[in-house]
Amino acid sequence: MKSKLEQIRAKVVSQIMDCDSADKLNEIKVSILGKKGELTDLLKSMRDVQPEDRPKVGQMVNETRAEIEKLLDERKAKIEKVVREAKLKAEVIDVTLPASKSELGHRHPNSIALEEVERIFVGMGYDVVEGPEVEKDYYNFEALNIPADHPAKDEQDTFYVVNGIGAGEILLRTQTSGVQVHEMEKGKLPIRMIAPGRVFRSDEVDATHSPCFHQIEGLVIDRHITFADLKGTLAEFARALFGEETKVKFRPHHFPFTEPSAEMDVTCFKCGGKGCRFCKGSGWIEILGCGMVHPHVLEMSGIDPEEYTGFAFGVGLERIALLKYEIDDMRLLYENDIRFLRQF
Amino acid sequence: MNTALSWIKAYVPELECTDQEYCDAMTLSGTKVEGFERRDKNLEKIVVAEILSIEAHPDADKLIVCQVNIGTDTIQIVTGAHNVKVGDKVPVVLDGGKVAGGHDGGPLPEDGISIKAGKLRGVPSDGMMCSIEELGSDRNMYPEAPEEGIYILKEDAKPGEDAVALLGLHDTVFEYEITSNRVDCYSVLGIAREAAATFRKPFVPPVVKETGNGEDVHDYIKVEVKDPDLCPRYCARVCKNIKIGPSPEWMQRRLAASGIRPINNLVDITNYVMEEYGQPMHAFDLDTVAGHKIIVRRAKDGDEFQTLDGQMRKLDRDVLMICDAEKEIAIGGIMGGENSKITDHVQTVLFEAAIFNGPNIRKSAKRIGLRTDSSGKFEKGLEMHNAEDAINRACQLIEELGCGEVVSGMVDVAVPASDRKVLPFKPEKYNNLLGTKVTEAEMKEMFDRLEIETVRDEAGKTNLVIPYFRQDLNCDADIAEEVARFYGYDKIPTTLPAGEATAGKLSYDLRIRQKAEDIAEYCGFSQGMSYSFESPKVFDKLLLPADSELRQAVTISNPLGEDFSIMRTISLNGMLTSLATNYNRRNKNVRLYELGNIYLPKALPLTELPDERVQFTLGFYGEGDFYTMKGVIEEFFTSVGMKKKPVYDPKAGKPFLHPGRQALIQYEGTVLGYLGEVHPEVLDNYGIGARAYIAVLDMPNVIPFTTFDRKYEGIAKYPAVSRDISMVVPKEVLAGDIEALIEQRGGKLLESYQLFDIYEGAQIKQGFKSMAYSITFRAKDRTLEDNDVTAAMKKILHGLEQMGIELRQ
Numbered sequence: 049m050k051s052k053l054e055q056i057r058a059k060v061v062s063q064i065m066d067c068d069s070a071d072k073l074n075e076i077k078v079s080i081l082g083k084k085g086e087l088t089d090l091l092k093s094m095r096d097v098q099p100e101d102r103p104k105v106g107q108m109v110n111e112t113r114a115e116i117e118k119l120l121d122e123r124k125a126k127i128e129k130v131v132r133e134a135k136l137k138a139e140v141i142d143v144t145l146p147a148s149k150s151e152l153g154h155r156h157p158n159s160i161a162l163e164e165v166e167r168i169f170v171g172m173g174y175d176v177v178e179g180p181e182v183e184k185d186y187y188n189f190e191a192l193n194i195p196a197d198h199p200a201k202d203e204q205d206t207f208y209v210v211n212g213i214g215a216g217e218i219l220l221r222t223q224t225s226g227v228q229v230h231e232m233e234k235g236k237l238p239i240r241m242i243a244p245g246r247v248f249r250s251d252e253v254d255a256t257h258s259p260c261f262h263q264i265e266g267l268v269i270d271r272h273i274t275f276a277d278l279k280g281t282l283a284e285f286a287r288a289l290f291g292e293e294t295k296v297k298f299r300p301h302h303f304p305f306t307e308p309s310a311e312m313d314v315t316c317f318k319c320g321g322k323g324c325r326f327c328k329g330s331g332w333i334e335i336l337g338c339g340m341v342h343p344h345v346l347e348m349s350g351i352d353p354e355e356y357t358g359f360a361f362g363v364g365l366e367r368i369a370l371l372k373y374e375i376d377d378m379r380l381l382y383e384n385d386i387r388f389l390r391q392f
Numbered sequence: 121m122n123t124a125l126s127w128i129k130a131y132v133p134e135l136e137c138t139d140q141e142y143c144d145a146m147t148l149s150g151t152k153v154e155g156f157e158r159r160d161k162n163l164e165k166i167v168v169a170e171i172l173s174i175e176a177h178p179d180a181d182k183l184i185v186c187q188v189n190i191g192t193d194t195i196q197i198v199t200g201a202h203n204v205k206v207g208d209k210v211p212v213v214l215d216g217g218k219v220a221g222g223h224d225g226g227p228l229p230e231d232g233i234s235i236k237a238g239k240l241r242g243v244p245s246d247g248m249m250c251s252i253e254e255l256g257s258d259r260n261m262y263p264e265a266p267e268e269g270i271y272i273l274k275e276d277a278k279p280g281e282d283a284v285a286l287l288g289l290h291d292t293v294f295e296y297e298i299t300s301n302r303v304d305c306y307s308v309l310g311i312a313r314e315a316a317a318t319f320r321k322p323f324v325p326p327v328v329k330e331t332g333n334g335e336d337v338h339d340y341i342k343v344e345v346k347d348p349d350l351c352p353r354y355c356a357r358v359c360k361n362i363k364i365g366p367s368p369e370w371m372q373r374r375l376a377a378s379g380i381r382p383i384n385n386l387v388d389i390t391n392y393v394m395e396e397y398g399q400p401m402h403a404f405d406l407d408t409v410a411g412h413k414i415i416v417r418r419a420k421d422g423d424e425f426q427t428l429d430g431q432m433r434k435l436d437r438d439v440l441m442i443c444d445a446e447k448e449i450a451i452g453g454i455m456g457g458e459n460s461k462i463t464d465h466v467q468t469v470l471f472e473a474a475i476f477n478g479p480n481i482r483k484s485a486k487r488i489g490l491r492t493d494s495s496g497k498f499e500k501g502l503e504m505h506n507a508e509d510a511i512n513r514a515c516q517l518i519e520e521l522g523c524g525e526v527v528s529g530m531v532d533v534a535v536p537a538s539d540r541k542v543l544p545f546k547p548e549k550y551n552n553l554l555g556t557k558v559t560e561a562e563m564k565e566m567f568d569r570l571e572i573e574t575v576r577d578e579a580g581k582t583n584l585v586i587p588y589f590r591q592d593l594n595c596d597a598d599i600a601e602e603v604a605r606f607y608g609y610d611k612i613p614t615t616l617p618a619g620e621a622t623a624g625k626l627s628y629d630l631r632i633r634q635k636a637e638d639i640a641e642y643c644g645f646s647q648g649m650s651y652s653f654e655s656p657k658v659f660d661k662l663l664l665p666a667d668s669e670l671r672q673a674v675t676i677s678n679p680l681g682e683d684f685s686i687m688r689t690i691s692l693n694g695m696l697t698s699l700a701t702n703y704n705r706r707n708k709n710v711r712l713y714e715l716g717n718i719y720l721p722k723a724l725p726l727t728e729l730p731d732e733r734v735q736f737t738l739g740f741y742g743e744g745d746f747y748t749m750k751g752v753i754e755e756f757f758t759s760v761g762m763k764k765k766p767v768y769d770p771k772a773g774k775p776f777l778h779p780g781r782q783a784l785i786q787y788e789g790t791v792l793g794y795l796g797e798v799h800p801e802v803l804d805n806y807g808i809g810a811r812a813y814i815a816v817l818d819m820p821n822v823i824p825f826t827t828f829d830r831k832y833e834g835i836a837k838y839p840a841v842s843r844d845i846s847m848v849v850p851k852e853v854l855a856g857d858i859e860a861l862i863e864q865r866g867g868k869l870l871e872s873y874q875l876f877d878i879y880e881g882a883q884i885k886q887g888f889k890s891m892a893y894s895i896t897f898r899a900k901d902r903t904l905e906d907n908d909v910t911a912a913m914k915k916i917l918h919g920l921e922q923m924g925i926e927l928r929q
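Protein chains in written order, with my numbering: chain Y, 49 to 392; chain P, 121 to 929.
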């Protein structure tokens with residue numbers, strides 16, 4: 049009995065060690081441990097063993113069985129490992145082959161620039177509002193201290209609209225500043241708003257002009273607003289938009305609806321202010337017009353200029369987009385060539 | 121405005137600064153310098169030389185060999201110019217020097233032209249004699265220069281002297297951008313006054329004395345102004361025994377530096393005073409003025425008039441004319457007439473210095489199509505006192521320069537001028553507006569420099585008396601700006617607004633539009649932008665019928681051209697044009713979207729502002745079809761909380777779309793837009809050679825259905841039961857009809873349904889299609905039993921049969 053067991057053990061061990069596939073290993077397992085397996089058969093023949101020897105023999109058989117099972121498991125793990133490794137080896141891919149992506153669309157550079165500006169001012173507590181593009185003369189000019197016959201009206205090359213008698217003059221707005229007036233007329237103070245939108249001027253289309261472009265108007269009205277606040281706010285804006293290192297310079301200027309008025313330059317973001325071809329050697333780039341809201345403008349919109357003051361500013365959106373993204377021809381913005389749009 | 125710095129320094133004699141310092145300081149105090157250019161740029165080592173001898177060149181007929189004295193030495197110069205003779209003083213550039221340009225007067229090279237000693241046809245030449253073109257100028261500005269050849273200097277020029285200085289070229293021309301409120305600064309005196317204040321140096325304007333021969337000008341000329349609203353002041357003076365000749369060199373140089381060509385003493389004086397005072401004047405030959413009378417009146421509609429440039433001009437009743445007793449002799453403030461112009465034989469001159477109504481001049485010049493230096497100045501609105509100062513200055517120059525004899529007195533027809541404005545001095549208010557702490561004393565010192573007088577009134581209050589020429593100072597804010605300018609914008613502190621904090625936000629509409637942008641981009645569409653105006657021909661290109669409401673557009677009265685003449689009433693033209701651009705450039709698979717307004721008039725002609733409606737327009741060609749576009753629309757709807765099923769009505773009636781491939785998009789009974797394949801004829805009209813699909817959503821109609829609110833509805837705990845049905849459906853029955861029926865009859869347990877097969881073809885009988893749906897039922901609170909589902913299915917199947925649909929087993 050003992051020798052039989054030893055014989056089986058030796059055979060099985062060598063079978064297991066030679067086995068190199070999971071299926072064969074299973075066959076071996078069945079042939080030894082299965083219902084009709086050799087070891088099972090051996091156990092069946094226990095009845096031929098003397099009763100007093102049975103525990104000893106039983107123990108021997110069980111030990112052998114445990115050993116074989118252990119060997120089977122080990123072999124199985126080993127074979128699986130080999131198989132997995134072979135599989136992994138077979139599955140090597142060329143990671144440099146092109147990516148398969150769902151092609152996303154691209155936002156217009158004007159919109160990207162606008163969203164940056166909006167994010168900056170919303171963060172400073174400004175609301176983003178809109179006004180009509182086809183506008184009454186009153187909102188575009190008169191309420192902004194540009195009465196009939198004011199030279200500024202000519203400077204802005206206004207498109208007028210054929211209109212009915214008694215409708216007053218209707219035009220395509222030449223500036224977003226009219227939204228200031230709409231906001232002030234609502235009578236809710238304080239005001240902190242920006243108003244982006246499309247404006248129109250009769251400029252022929254070329255690399256730097258378009259009869260249709262965008263501005264972003266800003267307006268703050270509250271008690272005790274000062275020119276220093278205007279400077280601080282716009283300096284903050286310039287740093288947020290063009291980088292922490294950006295410096296600003298305010299130069300006196302004239303706009304009919306602000307007094308005092310200024311133009312703001314920022315240090316050239318190409319050369320950092322040293323002077324280059326981009327900034328025509330000056331180190332500065334003109335970026336926006338601004339000023340303290342003219343008391344007469346406040347008054348016309350029903351705000352007491354003795355109690356409230358405010359500042360306003362206007363930025364050309366295309367100007368920012370062209371500068372920031374180094375676009376050299378404004379016409380590209382309205383052609384919608386997909387090869388242009390895909391770059392943003 | 122361009123002016124030489126030397127002219128400014130004539131009135132601010134103590135001004136000393138570099139060009140760059142001047143540029144920066146003036147710009148920061150509000151007189152913006154656009155740029156400046158040194159007139160002696162690239163002029164190096166150029167001295168006066170006296171020609172001692174001239175000999176023929178041994179080997180070249182066209183060259184001569186000159187010995188010249190350059191003060192310290194005698195050198196030899198070979199030249200091809202033939203206008204020089206022994207004894208002439210000429211500018212010579214020495215070895216190692218530079219000139220600005222070539223002798224042909226072409227564009228000046230950036231770095232000039234270097235001159236080196238060398239040999240010409242074997243004969244050494246130690247330098248070069250210069251023409252005016254080589255010195256960077258031309259005969260327009262130096263009329264005494266010969267047409268061709270070397271510039272001959274004045275006889276008293278000393279050999280070895282700086283020739284560039286003699287020509288007045290050590291100077292810098294500044295270009296200013298003057299803002300429209302500072303009418304006083306469209307003049308040399310105005311800018312000089314600002315320069316003096318900026319650099320804290322004394323301002324020394326010319327002292328104008330009233331001149332005259334003792335005769336009375338009223339014996340020479342009468343003036344009548346019939347339209348004082350258009351001509352509030354008319355000053356006239358007379359000069360006789362006029363001797364026409366060149367003006368002095370200093371005057372020529374100053375005019376030339378400002379870009380004004382010297383002509384003769386009379387013209388130059390008029391131009392000089394126009395620059396100096398900003399006041400245009402006109403000179404008439406008094407002998408041509410009939411009746412020695414000036415009448416200022418409006419023209420009559422349809423009048424024609426020949427201006428002194430020989431052109432016939434059409435007039436109307438809003439054009440102001442200067443007339444004599446018989447005829448019109450000038451268009452007031454714009455241009456004089458051929459019939460009264462000054463000739464070289466003039467004996468007696470009538471000077472006019474008037475104030476004309478600015479807006480009227482601007483409009484008249486525009487209508488006539490004649491914008492002159494003069495009209496350009498008048499249209500800004502000149503100040504009343506200026507006219508008198510200017511005309512007296514001109515007469516003084518006439519006398520000083522020996523150009524004629526000035527008749528005493530001035531005919532002055534004027535509406536009463538207003539007094540100088542008085543504003544209360546409010547230092548605290550200025551500081552509060554600026555956020556500064558400028559002291560009263562500092563302010564008063566600034567006002568002094570600006571000629572604003574500070575005066576205490578009887579009540580002990582300090583007032584500011586504004587000088588006449590500052591028409592722009594009218595309120596406290598204006599004064600605050602003066603304080604800011606001279607305190608320095610750069611010195612004003614930077615703070616952020618105090619006051620209650622506000623939470624900034626985008627409007628709801630803007631947030632929805634941003635969502636539309638996001639979804640379009642997720643779906644592969646890139647954002648385009650197109651013009652708001654277009655051509656009325658667009659309506660034909662889009663096959664819109666003649667009576668289409670969309671043809672009722674807002675019309676621009678002064679468009680850039682027909683292509684930009686109406687405000688769009690439909691957003692498709694921009695989209696199709698952009699697709700065509702891409703198609704022509706061979707771009708593949710182009711997907712674009714735009715969010716932009718259309719403008720729908722409520723009535724025409726406009727009685728109120730049009731309805732501006734944002735359109736979400738999508739378009740593509742290349743990969744994809746009708747259902748691709750439909751998918752984008754539904755993705756957008758889902759993203760803005762529109763969970764109900766949109767209804768697609770194939771009877772959209774859009775002439776620009778494929779008649780069998782178009783649908784109105786409806787949501788809860790409201791039409792939100794349409795989508796479809798572009799009609800092949802429209803594709804042809806735009807030159808698009810591929811099938812294209814578009815969708816348009818009218819955002820004002822969409823927005824009421826949108827929401828950002830979301831509610832969790834739980835995740836189903838119990839299993840669903842699905843049933844598949846397969847049908848043979850008459851072709852005209854739409855999937856939408858079947859789905860409507862499933863929804864209607866599915867009962868509460870119906871969870872979803874999905875079309876998983878559709879087929880038309882060989883195995884299906886003519887006029888039918890095969891469709892298969894999978895219908896899913898689920899209960900929230902229990903596992904469904906078979907008979908729950910069977911009941912619902914029975915209703916559905918019964919309904920389908922009533923629609924003429926055959927069920928397949």
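Yeah, the Cβ is synthetic: ideal placement off N, Cα and C, and Gly gets one too. The structure displayed is predicted, hence computed values, not measured ones.
Within chain Y, the residues whose beta carbon sits less than 7 angstroms from that of Ile612 of chain P are Phe275, Ala276 and Lys279, listed in sequence order. By the beta-carbon neighbour count (other beta carbons within 10 angstroms, threshold 16), Gln228 of chain Y is buried.
Taking a contact as a CB-CB distance under 8 angstroms, the pair Gln591 of chain P and Glu499 of chain P does not count as one, their CB atoms being some 14 angstroms apart. Burial check for Ser538 of chain P: the Cβ neighbour count within 10 Å stays below 16, so the residue is exposed. In chain order, Gly350 place their CB closer than 8 angstroms to the CB of Gly235 of chain Y, counting only its own chain and leaving out the 5 sequence neighbours on each side.
With a 10 Å radius around the Cβ and a threshold of 16 neighbouring Cβ atoms, Glu620 of chain P comes out exposed. The Cβ of Phe169 of chain Y sits closer than 8 angstroms to at least one Cβ of chain P.
Using a C-beta cut-off of 8 angstroms, the region 249-260 of chain P makes contact with the region 204-219 of chain P, since at least three inter-stretch Cβ pairs fall below that distance. Chain P places no beta carbon closer than 8 angstroms to that of Arg132 of chain Y, leaving this residue out of the contacts. Within the DSSP secondary-structure output, Ser872 of chain P pairs in a beta bridge with P:Thr896.
Listed along chain P, no residue sits closer than 7 angstroms to Arg113 of chain Y by beta-carbon distance, the nearest being about 45 angstroms off. Taking 9 angstroms as the cut-off between beta carbons, the residues of the region 249-260 of chain Y near chain P are Ser250, Asp251, Glu252, Val253, Ser258, Pro259 and Cys260, in sequence order. Straight across, the Cα-Cα distance linking Leu875 of chain P with Phe897 of chain P is about 15 angstroms. Pro665 of chain P is positioned such that its CB atom lies no closer than 8 angstroms to that of Val182 of chain Y.
Every alpha helix (DSSP H) stretch that sits fully inside the region 690-760 of chain P and reaches 4 residues is listed by chain position as 692-704 and 746-759. Here the C-alpha atom of Ala892 of chain P lies approximately 32 angstroms from the C-alpha atom of Tyr832 of chain P. DSSP places Pro211 of chain P in the uninterrupted beta strand (DSSP E) bounded by Lys209 to Val219.
Using a Cβ-Cβ cut-off of 9 angstroms, Met687 of chain P is close to Glu181, Val182, Val209 and Leu220 of chain Y, given in chain order. Looking from the CA of Leu172 of chain P, the closest CA among P:Lys434, P:Val153 and P:Gln196 belongs to P:Gln196.
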